[in-house]
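Sequences listed follow chains G and C, in order. In short: position in the first sequence from 1, add 979, done, that's my numbering. In short: position in the second sequence from 1, add 346, done, that's my numbering. Idealized CB from N, CA, C, for every residue including glycine. Everything on this sheet refers to the single structure shown next.
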Amino acid sequence: EAGVTQSPRYAVLQEGQAVSFWCDPISGHDTLYWYQQPRDQGPQLLVYFRDEAVIDNSQLPSDRFSAVRPKGTNSTLKIQSAKQGDTATYLCASSTGGGGEQYFGPGTRLTVL
Amino acid sequence: QQKVQQSPESLSVPEGGMASFNCTSSDRNFQYFWWYRQHSGEGPKALMSIFSDGDKKEGRFTAHLNKASLHVSLHIRDSQPSDSALYFCADMPNYNVLYFGSGTKLTVEP
């Protein structure tokens, strides 16, 4: 069974540029999460979906970050105008919900110069 | 947001030795802890979960939970070089979102 896939694996931007991250969850997983992991820290939730609905986006910097999951399968996380403080690894995870194991993708390592 | 304090920051053990990690939650209502491991360049991978007081053993890994003190620990016996990685504990108070600690870097020396 294929795991969670993410692309791109790496991105390097200048401040002010936009970037999108793509995630393909495990087939059949209705819950999808986006986490931000700064260097030398644990992952921190940005947003999560159940099917196509946003359940919690309270930690998403809404003025520059957006996330969608239009058909309840793949998801895209976008940063509209990147800042140096956005430098981190962006992790996508999926699960069947209800306290079950979250399966993480390899992440996208973003560097904002 | 939940706070999970994790210690130590880093740990070095000889091959075949015991590695131990500790976490304390600030949430008196916490229900459910997970331990994750992250190798360099990869995403975190779940090792085990625990929600009942006492010990839970899976192979070389043993987790211990004390709800009264909000403390959870993980012990790896017979550590191998392939166990070298970042180890995270994570609280899951609402059965959906994981709140991760800051991690412990384990180095197992051959």
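Compute the Euclidean distance between the alpha carbons of residue i and residue j, then round it to the nearest angstrom.
i: S415 (chain C); j: E355 (chain C); result: 21 Å
i: N440 (chain C); j: D1030 (chain G); result: 18 Å
i: L411 (chain C); j: A997 (chain G); result: 44 Å
i: T1052 (chain G); j: R1018 (chain G); result: 29 Å
i: Q526 (chain C); j: T370 (chain C); result: Residue 526 (chain C) lies beyond the stretch modelled for chain C, which goes from 347 to 456, so this question has no answer here.
i: T1075 (chain G); j: V454 (chain C); result: 34 Å
i: L1070 (chain G); j: D399 (chain C); result: 31 Å
i: A436 (chain C); j: Q1016 (chain G); result: 14 Å
i: F367 (chain C); j: A990 (chain G); result: 33 Å
i: L444 (chain C); j: R383 (chain C); result: 14 Å
i: K391 (chain C); j: D1042 (chain G); result: 31 Å
i: Y433 (chain C); j: T450 (chain C); result: 5 Å
i: R423 (chain C); j: I1005 (chain G); result: 32 Å
Which residues of chain C have a Cβ atom closer than 9 Å to the Cβ of residue i, listed in chain order?
i: E1080 (chain G); result: W380, A392 and S395
i: L1025 (chain G); result: Here the premise fails: no neighbours, minimum Cβ distance about 11 Å.
Identify the contact partners of residue i in chain G, using a Cβ-Cβ distance below 7 Å as the criterion.
i: E388 (chain C); result: P1085
Just verifying my parser: in three-state terms, what is the DSSP assignment at residue i?
i: S1054 (chain G); result: strand
i: D424 (chain C); result: coil
i: G1084 (chain G); result: coil
i: G387 (chain C); result: coil
i: Q1020 (chain G); result: coil
i: Q377 (chain C); result: coil
i: D1065 (chain G); result: helix
i: D1030 (chain G); result: coil
i: Y437 (chain C); result: Here residue 437 (chain C) turns out to be Asp, not Tyr, going by the sequence shown. In this structure, D437 (chain C) counts as strand in the three-state DSSP scheme.
i: D1096 (chain G); result: One cannot answer for residue 1096 (chain G) here, as it falls past the ends of chain G, which runs 980 to 1092.
i: V399 (chain C); result: Note on identity: in this sequence residue 399 (chain C) is Asp, with Val being the wrong assignment. Coil, per DSSP.
Flag this pair as yes or no: are the beta carbons of residue i and residue j separated by less than 8 Å?
i: G1079 (chain G); j: V983 (chain G); result: no
i: E361 (chain C); j: S428 (chain C); result: no
i: S395 (chain C); j: F407 (chain C); result: no
i: L452 (chain C); j: L357 (chain C); result: yes
i: T1087 (chain G); j: F1028 (chain G); result: no
Kindly list, in the order they appear in chain C, the residues whose Cβ is closer than 8 Å to that of residue i.
i: L1070 (chain G); result: G389 and P390
i: Y989 (chain G); result: Under the 8 Å cutoff, chain C gives no residues; its nearest Cβ is about 10 Å from Y989 (chain G).
With a threshold of 7 Å, establish whether the CB of residue i neighbours any heavy atom of the ligand GTP.
i: P1040 (chain G); result: With respect to small molecules bound, the structure shown includes none, and the ligand GTP cannot be examined in it.
Using a beta-carbon distance cut-off of less than 8 Å, what residues from the segment 1029-1048 of chain G approach chain C? Under the 8 Å Cβ criterion, the segment 1029-1048 of chain G contributes I1034, D1035 and Q1038.
Scan the segment 434-448 of chain C for residues whose Cβ lies nearer than 7 Å to a Cβ of chain G and list them as they occur along the chain. F434, M438, Y441, N442, V443, L444, F446, G447 and S448
Quick one: which residues of the segment 991-1020 of chain G get their C-beta closer than 9 Å to a C-beta of chain C? List them in chain order. T1010, Y1012, Y1014, Q1016, D1019 and Q1020
Can you list, in chain order, the residues of the segment 1052-1065 of chain G whose Cβ is nearer than 9 Å to any Cβ on chain C? none
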